[in-house]
Structure formats: C-alpha cells, structure tokens
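Enquirer: Residue numbers (the numbering used here), protein chains in the order written: chain V, -15 to 375; chain H, 5 to 295.
Quick reminder that beta carbons are idealized off the backbone N, C-alpha and C, glycines included.
The structure follows.
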Amino acid sequence: MGMPLAEYVRTLVTPLNVLAAAILAYGIPMIVIRFTGGLSAVTHASNEYPWSILLGWGLFSGVPLSATGYVMATAVYIFGFKKYHPLVRLGVLTGFMGYLFAVIYLLIDIGRPWRIYYPMAVSYGPTSVLFLVAWHVALYLTVQLLEFSPAILEWLHSRRVRRWAILITVAMTIAGVILSTLHQSALGAMFLLAPGKVHPLWYSALMPVFFFVSSIYAGLAMVIAVSTVLARYLRDRADRQYLETLDPLTVGLGKGACVVLFVYFALKWIGVAHDDHWGLLATRPGAWFLAELLLFVLAPAIVLTLGVKRQSARIVRAGAFWALAGVILNRLNVSLIMFNWNLPGHFHQIVPPMREAGIVLAVATIHIILFRWIVNRMPVLREHPDYPDHG
Amino acid sequence: MSRRSCLKALGAAGCTVLSVGAGKAHAARNFSGWPDRFGMLVDLTECVGCRGCEAACNRANGLPAPEVPFDEKSVFEEKRRPTASAFTVVNRYSPKDGPRGPVYRKVQCNHCNEPGCASACPVRAYTKTPEGAVLYDKELCFGCRYCMVACPFYAPAYDYGSALDPRIEKCTFCHERVKAGGIPACAEACPVEAVRFGRRKDLITLARERIRKHPGRYVDRVFGEHEVGGTGWLYLSGVPFEQVDFPTDLPDKPLVEQTKGFLSAVPLVLVLWPAVLGLCYSAKRYKEEER
Chain V
-15 MGMPLAEYVR
-5 TLVTPLNVLA
5 AAILAYGIPM
15 IVIRFTGGLS
25 AVTHASNEYP
35 WSILLGWGLF
45 SGVPLSATGY
55 VMATAVYIFG
65 FKKYHPLVRL
75 GVLTGFMGYL
85 FAVIYLLIDI
95 GRPWRIYYPM
105 AVSYGPTSVL
115 FLVAWHVALY
125 LTVQLLEFSP
135 AILEWLHSRR
145 VRRWAILITV
155 AMTIAGVILS
165 TLHQSALGAM
175 FLLAPGKVHP
185 LWYSALMPVF
195 FFVSSIYAGL
205 AMVIAVSTVL
215 ARYLRDRADR
225 QYLETLDPLT
235 VGLGKGACVV
245 LFVYFALKWI
255 GVAHDDHWGL
265 LATRPGAWFL
275 AELLLFVLAP
285 AIVLTLGVKR
295 QSARIVRAGA
305 FWALAGVILN
315 RLNVSLIMFN
325 WNLPGHFHQI
335 VPPMREAGIV
345 LAVATIHIIL
355 FRWIVNRMPV
365 LREHPDYPDH
375 G
Chain H
5 MSRRSCLKAL
15 GAAGCTVLSV
25 GAGKAHAARN
35 FSGWPDRFGM
45 LVDLTECVGC
55 RGCEAACNRA
65 NGLPAPEVPF
75 DEKSVFEEKR
85 RPTASAFTVV
95 NRYSPKDGPR
105 GPVYRKVQCN
115 HCNEPGCASA
125 CPVRAYTKTP
135 EGAVLYDKEL
145 CFGCRYCMVA
155 CPFYAPAYDY
165 GSALDPRIEK
175 CTFCHERVKA
185 GGIPACAEAC
195 PVEAVRFGRR
205 KDLITLARER
215 IRKHPGRYVD
225 RVFGEHEVGG
235 TGWLYLSGVP
245 FEQVDFPTDL
255 PDKPLVEQTK
265 GFLSAVPLVL
275 VLWPAVLGLC
285 YSAKRYKEEE
295 R
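See the structure below:
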C-alpha cells in the first residue's frame, strides 16, 4: 500500500467499517454457537416452521436477486444488446457471489453441512424438487465461475487460459439460462408440496412461473441497484465508459424491468382467476396480498414507467430498489410470512430472534466485504488496459 | 413407488431415457400401493385419553423420560405435536358439536401411501416399506428439513438441539416389531382398543361397517382413506374432523402429484431451451453479418 501500517489502519476506521466490525463481532460468535449448541440455540427451532429467515432471506430471496448473471449475459451475448456490455461482468459477479452466499446460508442452516454433496454423489432423490435445485445451483455456481473467469485471469495475467475462457462464453450463457430457468422456478415449485400450509392466495400451480418471471425483473433491478451503489462508493475502480454510459443503460434496464413487472402483475391475477380465489381478497390475508401486489409490484412498475418516459436514471433507480423490496417481500411471504399462516402463535415464529438476525447480518456483511475486495482488484467496472474489448 | 423410480431414471440418465421413463409412468398409473400393507384404525369415540400409548411408544423406542409423567393430565391444557423425543402425543378437545365430555386425538406420523416427505427428500432418505411403515434413514440425511415442510401432518420432528448430529425423528410404525409378527406398541398398550392394528384394506371395511352400524355415533368419513392419496393410519370421529384439528383442506391426490407437472417439464426445458436460444443467437449473428 506504500504507507506505514499505523496510517493504513487509521484509513480503515470509517463509519461503515465500524458498523461492519460491530455486526461481525456479534454475528460470528452466533455462527459458532449454531455449530456448538445446535440451531435451537440461535433460531426459534420449531417443528412446524422448519425454515426460518436464514433460508427465507439467504436462499429464497438471495437466489432471485442473483438472477443478474443470466439476465445480463443473455441480453448481451444471445439477444445482442451490445451496449450493455459494460454491465455484463458486474451482473455475472453479482450473480456468482449471490449464489455462493446462498450456499453459505444453507451450510449454516442444514443439519450436516459436510453432506451437502450427497444429492450429487451418494443418494439420488429425483422426485424431489430440492434435488433439482441442489444440482442446478451447484452446476450454475460452476458456470458462473467460468463466466467470470476472464476477469480473474486478466487479474492474474494469464493470457492463454483467458482465451479459452472467452471461447466458451456463448455456451456458458446458454447453460446459464437453462439452469436458471429451472432452478428459479424450482424454488417456487418446492412449495407446491405444501398445499395445506402456504396460504391459498400465494399457493398456486403457477408458482414456478411466478418465481421465474419475477427473477427476471429482480435480476435487472439488482444490476441497476448494484451498479448505482458501486458508481458511488467505488467510483475510482470504474472506467470512463462505465460512468458515462451508466445513466442511459440504467434507463434501458429499467425499461426491461418495467415490462417484466407488468407481465408478472398480469400473471398474478391469472393465478387468482385460475384458482377462483376472488372471494379470499376480502379477507385479512387478502388485504396483505393486495398490498404486495399493488404497493410492491404495480407501484414500482409505475415509477419505472415514469422514469423511462422522462429518461430519468434517478427515478428508474428508485423504482428498481422498490421492485427489489417487492421481490424480497414475495419470497418471505411464501416461505415464512404466509406459511403456516393459520397456526396459533404464528407472528412470534416469523419474527427472527436477535441471534439469528445477527447471523444473517454477519453473512451479508462478509458478502459485501468480499464483493468489494473483488471489485477493488479485478477488472469488473472497467476494461483491463491489456485486454481491450473483454469477453 | 414405480413412479419415483421412473423419475429417478429420468434424473440420473437424462433425456435419452425419456421415452423409456414415460412408458414406465404409463404402466404405473394405477399403482395403488403395496396390497397387503398394514394400517391402524384410531377410533376417537373410544379413546379415553389415558396416554398409555404415549408411554408405550416411549418405552418401545427407548426415548428419554418425559418432563411430566405420562399419567399427568395437565399436558392437555395445550395442543402438542410430536417432537424428537415423543413420537406420538394425545390432545384433548371440547368440540362444540361434540358429545358430552372431551374428545381425545392421538397424533403421530400417518404413514402415507405415497408420502410427501419421501417425495420431498433430495437424498431418498425415506422408504415406504411393503409392510406399510414410512422409514427414515439418518445415514443419508443432511438435515435440509424439506420433509417437514412437505408433511401435511407436521409429523417429522427434528432435534434442533443437536449441533452436529441432528436427525429427523418420527413414528416408525414399530417396523421391527411388525416384521417379527408383532403389533405396534401403542396398539398393544391401548386398554380400550381405540387404536387397532391390521391390514389397511380390512381396517377400511371395519371402519365403514362401524359407521353403517352406528350412524349416530360417527361422522360419515374415514379420515385417511383418501387424503393425500390415502394414509396408513385411519381415523373415525364422532365430531367433524376440522374441530379436532385434522387438516381438512388437503387434496385427495398424493402430494407428489403437485410437483409432477413441474418435474416433467424439466427435461423439456433442457432440450428446448438450447435450441430456442441457439436460434436467437444465430439470428443475431445473421443480422450482424448482413450489416
């Protein structure tokens, strides 16, 4: 770094770093407690609620927010929206990191994490939707690593291997879309096995379609969100092309997200009509359903429309963050809030205890730190000078 | 069972076996389970709430001693569910449409004909035996707890307190005893024969007979005959089942049917997507070349 150690340490003392340190100081011991005292030491640990916020956030919300990789790579390499090229690597990195950390949340949650490979190698349960998810997440993690490998190889100055990595771009992109289509929808299909538990307004034969379609706009909105945050906090790591094209590209992505949001909005109504659940809309869960749909799908869609009409990246960004909140809300509704909705003591179960929240925050913090570490070093927001026109 | 093995073939060998697998699925359409499998008939109108079945289950499975003894009636003040250290529990109800006095309901794994837990398990840790028990293998389980999500009866319990060796615990239908020609401990212990062991098809006949003979005593329904494809445990009740906390909003089809449509679309996506996306890619290349 070229500065004395004491001075370097002093530069680390920023408000955000202090916050991160505080979160880790609380959360990491909680992870240790999980592996010494069992899940009951950190979660509500209920037989009625096998999955808590650890998976509701880490897996069910984390995976759609990580749809960035397949969405961007498909747009650029398959459909030929070339001008979005400056955002592809960011999309792939966001996706890869999202999946990696979804697996980390999972490893904390499952009983015997060292057996995580069992569905792949020891015993096959192909009637299980989770079997499919396990395979696809594992394969897709590999695919995304390969997709991102040119950036790593440029950082390592490995010119020859990088050429191979570039060659497989289109094949990996297609593999990525297939795997993503299947496991994004599979996360919804997992809940098809619980018809008596998920509230009928959220339970639908169309759940796989809902989860897949919403992952598309989640991916687009997430690229807008992450690119915005990075342009602000890691501005010096971006090249001029990235910074100059960001606003028009944001509006373009917003347009895509907006169309998909309206499609999703329509599909949700088809779901209600398909099951003829109109009567349920007048109940209390019905009001919550309408709130999700009107305030967290339709409203951000309208904001995005406005942003696109006015060509305002600022408004589009607001709409994107809003839409992301909606996706998270939807996943939490299906996996937690409206799961076992009619059991007594339900509210207590869906609010995580402090210790579990600490684990979630700690893992999210490590996620951000690692992400920043990579963007600081590898050519993600910029083209490497030695490798113009990167893959 | 054969539907599952068919899907296994699909998953393991990929698209090449698609046609073979489809053929098997067709043949398996009318599979209705092991013909001579055993079941249990629980008659809620007979049960006196003595908790003798709980005590017998505890002994037979070598479970830890309970916090409150089995002759303690105060446990009825709350509704309990099976846990990792109690595979069966009895709850007390005072239903509004009921006869005089309380109604007791024994709860445990219902040993479904086509179990949701088994179709949920990504490592096939669950087996439906020809005798009728749904058994769990802790050697395969990695602790994802999807089986607990899938079970409509909240039967599988998990020992959350174990840090590194947690497992699912549930009623085993006293499989070893049954295989050796015995009957499950709870049925053996019941002083009033409210829990009766037998071949499932005979028990259905018996249950129907009782309803026919005593129409005033029972509601006209054998719970478990059709629910989620039928369960090994069957119930007769004098009060509407929803008033004693039976889930009455369950489909009659086995739960695996709910995900079958999705799973059968998987090979289609695997085959069609590369073609469709490849086409998009070539169209893009073609336009670029024209320019």
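Here's the rule: buried if 16 or more other CB atoms are within 10 angstroms of the residue's CB, otherwise exposed. What is Pro3 (chain H)?
Expert: This structure does not reach residue 3 (chain H), given that chain H is present from 5 up to 295, and the question cannot be answered.
Enquirer: Leaving aside the five residues before and after Val113 (chain V) along the sequence, list all residues of the same chain whose C-beta is less than 8 Å from its C-beta, in chain order.
Expert: Residue numbering aside, residue 113 (chain V) sits at position 129 when the first sequence is read from its first letter. Around Val113 (chain V): Ala170, Ala173, Met174, Leu176, Leu177.
Enquirer: Would you say Ala32 (chain H) lies against chain V (beta-carbon separation less than 9 Å)?
Expert: Within the second sequence, the letter at position 28 stands for residue 32 (chain H). Note that Ala32 (chain H) scores 49 on pLDDT, short of 50, meaning its location in the model is unreliable; the coordinates nonetheless yield the value given after this. Not closer than 9 Å to any Cβ of chain V, the Cβ of Ala32 (chain H) fails to qualify, so no.
Enquirer: In this structure, how does DSSP classify Ile92 (chain V) when only helix, strand and coil are distinguished?
Expert: Sequence index remark: in the first sequence, residue 92 (chain V) carries index 108 (1-based). Helix.
Enquirer: I'd like to know if Trp277 (chain H) contacts chain V, where contact means its C-beta is closer than 9 Å to some C-beta of that chain.
Expert: Numbered from 1 along the second sequence, position 273 holds the residue referred to as residue 277 (chain H). With 9 Å as the cut-off, Trp277 (chain H) counts as an interface residue toward chain V.
Enquirer: Would you mind stating whether Leu204 (chain V) and Thr52 (chain V) have Cβ atoms separated by less than 9 Å?
Expert: Sequence index remark: in the first sequence, residue 204 (chain V) carries index 220 (1-based). Sequence index remark: in the first sequence, residue 52 (chain V) carries index 68 (1-based). Result yes, Cβ atoms of Leu204 (chain V) and Thr52 (chain V) sit closer than 9 Å.
Enquirer: What residue from V:Gly42, V:Pro369, V:Val359, V:Tyr371 has the CA that sits closest to Gly75 (chain V)'s CA?
Expert: Taking the first residue of the first sequence as position 1, residue 75 (chain V) is located at position 91. Minimum Cα distance to Gly75 (chain V) is reached at V:Val359.
Enquirer: For the beta strand (DSSP E) that contains Lys132 (chain H), what are its first and last residues?
Expert: Along the second sequence, read from residue 1 onward, the residue named residue 132 (chain H) stands at position 128. 130 to 132 is the extent of the beta strand (DSSP E) around Lys132 (chain H).
Enquirer: I want to know whether the region 84 to 103 of chain V touches the region 221 to 241 of chain V - three or more CB-CB distances under 8 Å.
Expert: No: fewer than three Cβ pairs fall under 8 Å.
Enquirer: What span of residues does the alpha helix (DSSP H) with Leu43 (chain V) cover, start to end?
Expert: By one-based count along the first sequence, residue 43 (chain V) stands at place 59. Segment: none, Leu43 (chain V) is in no alpha helix (DSSP H) and carries neither H nor E.
Enquirer: Closest Cβ-Cβ distance between Cys116 (chain H) and chain V: below 9 Å?
Expert: Position 112 of the second sequence, counting from 1, holds the residue named residue 116 (chain H). Cβ-Cβ to chain V under 9 Å: no for Cys116 (chain H).
Enquirer: Along the region 109 to 133 of chain V, what residues have a CB closer than 9 Å to any CB found in chain H?
Expert: Answer set for the region 109 to 133 of chain V: Gly109, Pro110, Thr111, Ser112, Val113, Leu114, Phe115, Leu116, Val117, Ala118, Trp119.
Enquirer: Return helix, strand or coil for Phe194 (chain V), following the three-state DSSP convention.
Expert: Translated into the one-based positions of the first sequence, residue 194 (chain V) becomes position 210. Three-state DSSP puts Phe194 (chain V) in a helix.
Enquirer: Under 7 Å, CB to CB, which of the residues in the region 120 to 142 of chain H have a partner in chain V?
Expert: Cβ contacts with chain V come from Gly120, Ser123, Ala124, Cys125, Pro126, Val127, Arg128.
Enquirer: So Tyr217 (chain V) contacts chain H; which residues on that side make the cut at Cβ distance below 9 Å?
Expert: Locating residue 217 (chain V) in the first sequence gives position 233, counting from the first residue. None at all; the shortest Cβ gap to chain H is about 35 Å.
Enquirer: Ignore the nearest five residues each way along the sequence and tell me which others in Cys61 (chain H)'s own chain have a CB closer than 7 Å to its CB.
Expert: One-based indexing of the second sequence puts residue 61 (chain H) at position 57. Phe91, Thr92, Ala189, Cys190, listed in sequence order.
Enquirer: Report the neighbours of Thr92 (chain H) on chain V: residues whose CB is nearer than 9 Å to its CB, in chain order.
Expert: Indexing the second sequence from 1 puts residue 92 (chain H) at position 88. In chain order: nothing, as chain V lies at least about 14 Å away.
Enquirer: Who are the neighbours of Tyr97 (chain H) on chain A, taking C-beta pairs under 9 Å?
Expert: Absent from the structure: chain A. Protein chains present are V and H.
Enquirer: Comparing C-alpha positions only, which one of H:Lys291, H:Gly43, H:Ala287 sits nearest to Cys116 (chain H)?
Expert: Here the question's residue 116 (chain H) lines up with position 112 in the second sequence. Of H:Lys291, H:Gly43, H:Ala287, the residue nearest in Cα terms is H:Gly43.
Enquirer: Starting from the C-beta of Phe379 (chain V), find all residues in its chain whose C-beta is less than 6 Å away, skip the five residues before and the five after it, and write them out in chain order.
Expert: Since the first and last residues shown for chain V are -15 and 375, residue 379 (chain V) lies out of range.
Enquirer: Compare the C-beta of Gln247 (chain H) against all C-beta atoms of chain V and say whether one is closer than 9 Å.
Expert: Taking the second sequence and counting its residues from 1, the one referred to as residue 247 (chain H) is at position 243. So no, Gln247 (chain H) is outside the interface.
Enquirer: Check Thr49 (chain H) in the structure and name its three-state DSSP category.
Expert: Numbered from its first residue, the second sequence carries residue 49 (chain H) at position 45. If DSSP states are grouped into helix, strand and coil, Thr49 (chain H) belongs with coil.
Enquirer: For the beta strand (DSSP E) containing Lys110 (chain H), list its first residue and its last residue.
Expert: If you number the second sequence from 1, residue 110 (chain H) lands on position 106. First-last of the beta strand (DSSP E) with Lys110 (chain H): 107 to 111.
Enquirer: Given that a residue counts as buried once 16 or more other Cβ atoms are within 10 Å of its Cβ, and exposed if not, what is Gln295 (chain V)?
Expert: By 1-based counting over the first sequence, the position of residue 295 (chain V) is 311. With fewer than 16 other Cβ atoms within 10 Å, it is exposed.
Enquirer: How would you call Val318 (chain V), buried or exposed, if buried means at least 16 neighbouring beta carbons within 10 angstroms?
Expert: The residue you call residue 318 (chain V) lines up with position 334 of the first sequence. Counting Cβ neighbours within 10 Å, Val318 (chain V) comes out buried, since at least 16 surround it.
Enquirer: Could you name the residues of chain V that Ser166 (chain H) contacts, counting a contact when the two beta carbons are closer than 7 Å?
Expert: Working through the second sequence from its first residue, we reach residue 166 (chain H) at position 162. Gly22, listed in chain order.
Enquirer: Please list, in chain order, the chain H residues whose beta carbon lies closer than 7 Å to that of Tyr102 (chain V).
Expert: By 1-based counting over the first sequence, the position of residue 102 (chain V) is 118. Under the 7 Å cutoff, chain H gives Val127, Leu144, Phe146.
Enquirer: Any C-beta of chain H sitting closer than 9 Å to the C-beta of Asn360 (chain V)?
Expert: Reading the first sequence from its first residue, position 376 is the one you call residue 360 (chain V). Output row for Asn360 (chain V): interface = no.
Enquirer: Could you compute how far the alpha carbon of Glu213 (chain H) sits from the alpha carbon of Lys205 (chain H)?
Expert: The sequence position of residue 213 (chain H) within the second sequence is 209, counting from 1. The sequence position of residue 205 (chain H) within the second sequence is 201, counting from 1. Going by the C-alpha atoms only, they are around 12 Å apart.
Enquirer: Here's a check: name, in chain order, each residue in its chain whose Cβ is nearer than 8 Å to the Cβ of Cys175 (chain H), leaving out the five neighbours to either side.
Expert: In the second sequence, residue 175 (chain H) corresponds to position 171, counting from 1. If we look at Cys175 (chain H) and ignore the five residues flanking it on each side, its Cβ neighbours are Cys61, Pro86, Phe91, Thr92, Gln112, Cys113, His115, Ala159.
Enquirer: Can you check whether the C-beta of Pro86 (chain H) is within less than 9 Å of a C-beta belonging to chain V?
Expert: In the second sequence, residue 86 (chain H) corresponds to position 82, counting from 1. Judged by the 9 Å Cβ criterion, Pro86 (chain H) is in contact with chain V.
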